[in-house]
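Asker: Numbering (this note's numbering), first residue to last: 26 to 352. Glycine included, every Cβ here is placed at the ideal spot set by N, Cα and C. The structure is given below, and queries will be raised subsequently.
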């Protein structure tokens, strides 16, 4: 079975360990307390009324640099949730419990949608943003029983649509982190069509990519799929199954209709990525001048292998740290 949440756990463990090595995000937090060290704004009336001045103290409001930020609270809440979830691998849960203990100065908050409200990150802090996006995926799937205090995930592992959305967001955020010099987004594609009866093409279905990657030299459109099998049964040749035709028609439609934009989009390539269920696949085709690839990724393998594999999928965009050699 696909242990998708083990993958999320592995990502967060590696990510938070990296943050602890380089130093957690810090920000100023406004504090109000009775103190003998006079600083910031002094509340004279309150200090006098509570007789603090007679004891050499005063109530002061001041700003203090702290790691107790909303972003770090959300990270800690997600680690805590995953460390208490029985469906997550035992060894991963132990590692996350240790990381929770390594964050004593970060407040404990509940893992829900409110944990992510008001988080502000610097423009160049893409690594934090990537980790928090993973945390939001976990929070969206989290289910906490108030009566028994049980931590588990909502029962939608078998829901292909919801799991595909999770898989799509994971891939998009992964590539945003590892391809900082590329434009990565979902985008709408217009039909390259005309109609006298429907001049606005209002009745044609909308087209929107999962992931579009551009770097000025090339365009790649990636469609994330999450199916129990990447093959469909061929009733005319039962001994030879075929790829899902609707998936291929969809990616081909994107590529043909994006041609009219010209430039690098005219020769865009496409890729379908499936998580491995029963079959591992790596196939390449040239269809009407467009490179179309079908790939699978084993989500239960070691994280380093997952990372390396996902980067080989986009080798035309990925460079090593010296920006010299490609994968």
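Ends of the beta strand (DSSP E) at residue 75?
Answerer: Per DSSP, residue 75 belongs to no beta strand (DSSP E) and is neither H nor E.
Asker: Taking the alpha carbon of residue 62 as the point to measure from, which residue in 82, 103, 204, 44 has its own alpha carbon closest?
Answerer: That would be 82, whose Cα lies nearest to the Cα of residue 62.
Asker: DSSP on residue 9, reduced to helix/strand/coil?
Answerer: With the chain running from 26 to 352 in the structure shown, residue 9 is simply not present.
Asker: Assuming residue 255 and residue 299 make a contact with CB atoms under 8 Å, what is their CB distance in whole Å?
Answerer: Yes, they are in contact, since the Cβ atoms of residue 255 and residue 299 sit about 5 Å apart, within 8 Å.
Asker: Relative to the C-alpha of residue 56, which residue among 48, 49, 66, 158 is closest?
Answerer: Minimum Cα distance to residue 56 is reached at 66.
Asker: Can you tell me whether residue 31 is buried or exposed, with buried defined as 16 or more other CB within 10 angstroms of its CB?
Answerer: Residue 31 is buried by the Cβ-count criterion.
Asker: Identify every residue that forms a DSSP beta bridge with residue 32.
Answerer: BP columns for residue 32 are empty, so no partner.
Asker: Using a 10 Å radius around the Cβ and a threshold of 16 neighbouring Cβ atoms, would you call residue 238 buried or exposed?
Answerer: Under this definition residue 238 is a buried residue.
Asker: For the ligand PLP, any of its heavy atoms closer than 7 Å to the Cβ of residue 86?
Answerer: Absence of the ligand PLP is noted for the structure shown, with no ligands found whatsoever.
Asker: Suppose contacts are defined by Cβ-Cβ distances below 8 Å. Is residue 268 in contact with residue 188 by that definition?
Answerer: Contact flag unset, no.
Asker: What residue from 311, 310, 306 has the CA that sits closest to residue 322's CA?
Answerer: Considering only alpha carbons, the answer is 306.
Asker: Would you list, in sequence order, the uninterrupted alpha helix (DSSP H) runs of no fewer than 4 residues that lie entirely inside the stretch 65-148?
Answerer: Counting whole runs of 4 or more residues, the stretch 65-148 contains the alpha helix (DSSP H) stretches 69-74, 95-108, 115-126.
Asker: Could you say which of 277, 232, 199, 144 lies nearest to residue 313 if we only look at CA atoms?
Answerer: Cα-wise, what sits closest to residue 313 is 277.
Asker: Return the CA-CA distance between residue 286 and residue 234, expressed in angstroms with no decimal places.
Answerer: So the alpha carbons of these two residues sit roughly 15 Å apart.
Asker: For residue 53, report the span of its beta strand (DSSP E) as first-last.
Answerer: Element bounds for residue 53: 52-60.
Asker: By a C-beta neighbour count over all protein chains shown, 10 Å radius and 16 as the cutoff for buried, is residue 218 buried or exposed?
Answerer: Exposed: under 16 other Cβ atoms inside 10 Å.
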